[in-house]
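Engineer: Using this note's numbering, the first residue of the sequence shown is number 69, and each one after it goes up by one. This is the structure, below, for whatever I ask next.
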Amino acid sequence: MNARVTLLEGLAVALFAVRVHAEPPSAEQREQAVPPASERQSNGGATGSAQAAPSWRFAGAAYFYFLPESSNYVQPTLRADHHLLHLEARYSYEDLLTGSAWIGVNAEGGEVVWWQVTPLLGGAFGRTNGVAFGFEGALGWWKLELYSEGEYLLDFADSSDNFLFNWSEFTLAPLEWFRFGVMAQRTRIFSSGRVLERGLLAGASWHFVDLTLHLLNPDDSRPVVIVALGGRFEL
Numbered sequence: 069m070n071a072r073v074t075l076l077e078g079l080a081v082a083l084f085a086v087r088v089h090a091e092p093p094s095a096e097q098r099e100q101a102v103p104p105a106s107e108r109q110s111n112g113g114a115t116g117s118a119q120a121a122p123s124w125r126f127a128g129a130a131y132f133y134f135l136p137e138s139s140n141y142v143q144p145t146l147r148a149d150h151h152l153l154h155l156e157a158r159y160s161y162e163d164l165l166t167g168s169a170w171i172g173v174n175a176e177g178g179e180v181v182w183w184q185v186t187p188l189l190g191g192a193f194g195r196t197n198g199v200a201f202g203f204e205g206a207l208g209w210w211k212l213e214l215y216s217e218g219e220y221l222l223d224f225a226d227s228s229d230n231f232l233f234n235w236s237e238f239t240l241a242p243l244e245w246f247r248f249g250v251m252a253q254r255t256r257i258f259s260s261g262r263v264l265e266r267g268l269l270a271g272a273s274w275h276f277v278d279l280t281l282h283l284l285n286p287d288d289s290r291p292v293v294i295v296a297l298g299g300r301f302e303l
């Protein structure tokens with residue numbers, strides 16, 4: 069009798085285990101299995117893990133501009149993301165000696181083709197003062213990624229100084245740690261006489277550190293060189 073009970077109990081446990089493994093994953097399990105677009109990082113390629121998303125994500129970068137006909141300068145950017153909330157601070161982006169602060173809402177989705185977009189509202193203060201409306205967005209598939217960020221600044225001092233800024237990249241990441249591609253920038257801090265500065269880029273990542281070299285207007289005799297050094301961490 070005891071042997072039959074033990075055998076029946078063993079069969080019940082086995083059937084329960086088979087049932088559990090045969091059930092389709094819940095929506096929460098599917099979300100954890102597919103990393104959000106922000107974890108894929110804008111430096112190309114799908115990364116991340118099946119673990120629960122961290123509460124806060126922080127990122128920072130410094131762009132070192134080496135200009136052939138003007139003074140060199142550094143443009144730092146800091147970002148913080150908490151679920152839907154996006155916070156950002158920039159310096160020398162809209163103008164030299166000018167800071168800007170931003171708040172936005174994150175949205176993302178997709179699996180094979182993934183996307184993310186963040187509409188932004190910000191204000192500039194310093195040499196230039198104004199209010200700005202902007203966005204940051206990315207679209208990716210396989211090892212390809214299109215990234216773009218832009219803003220339209222309303223200058224408080226003179227409406228004729230209102231300006232549309234943009235930075236866009238289209239990259240291929242043949243390796244998890246390496247990407248290359250083309251890029252374009254529209255800024256008023258410097259000008260080569262073109263409406264849109266265009267160029268090439270190549271970048272490498274190591275753990276949480278990114279290093280990217282940009283070459284603007286490579287057909288010029290003295291092109292603009294931008295070296296970007298960035299990092300990120302999560303809490």
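Glycine is no exception: its CB is placed at the ideal position from the N, C-alpha and C atoms. Just so we're clear, the structure is a prediction, and the values are computed from it rather than from any experiment.
Could you tell me the alpha carbon to alpha carbon distance between F134 and L153, rounded to whole angstroms?
Structural biologist: About 34 Å.
Engineer: Have a look at A169 and F201 and give me their C-alpha separation to the nearest angstrom.
Structural biologist: Rounded to the nearest angstrom, the two C-alpha atoms are 11 Å apart.
Engineer: Give the single residue among F301, V293, Y141, T145 whose Cα lies nearest to the Cα of E217.
Structural biologist: If we check each option's Cα against that of E217, T145 comes out closest.
Engineer: Would you tell me roughly how many angstroms separate the C-alpha atoms of P286 and F224, rounded to the nearest one?
Structural biologist: Spanning the two alpha carbons is a distance of roughly 35 Å.
Engineer: Exposed or buried, L243, counting other C-beta atoms within 10 Å across all chains shown (16 or more means buried)?
Structural biologist: Exposed, by the Cβ-count rule.
Engineer: Does the beta-carbon of E179 have 16 or more other beta-carbons within 10 angstroms, so that it is buried, or is it exposed?
Structural biologist: Classification for E179: exposed.
Engineer: Which term fits E204, buried or exposed, when burial requires 16 or more other beta carbons within 10 angstroms of its beta carbon?
Structural biologist: Buried: at least 16 other Cβ atoms inside 10 Å.
Engineer: At the level of alpha carbons, what is the spacing between L221 and T196?
Structural biologist: About 10 Å.
Engineer: Mapping DSSP to helix, strand and coil, what is S236?
Structural biologist: Correct three-state label for S236: strand.
Engineer: Answer with buried or exposed for N230, where buried requires no fewer than 16 other C-beta atoms within 10 angstroms of its C-beta.
Structural biologist: Label assigned to N230: exposed.
Engineer: For S228, which three-state DSSP category applies?
Structural biologist: S228 falls in the helix class under three-state DSSP.
Engineer: Below 7 Å CB to CB, which residues in the same chain sit around F301 once its five sequence neighbours on both sides are set aside?
Structural biologist: Cβ neighbours of F301 beyond the five flanking positions: F126, F276.
Engineer: Taking H275 as part of the beta strand (DSSP E), name the residues at either end of that continuous run.
Structural biologist: Careful: H275 lies outside any beta strand (DSSP E) and carries neither H nor E.
Engineer: Please name the residue, chosen from E265, S139, A129, that lies closest to Q252 on a Cα-to-Cα basis.
Structural biologist: Note that residue 252 is Ala in the sequence shown here, rather than Gln. The shortest C-alpha separation from A252 is found at E265.
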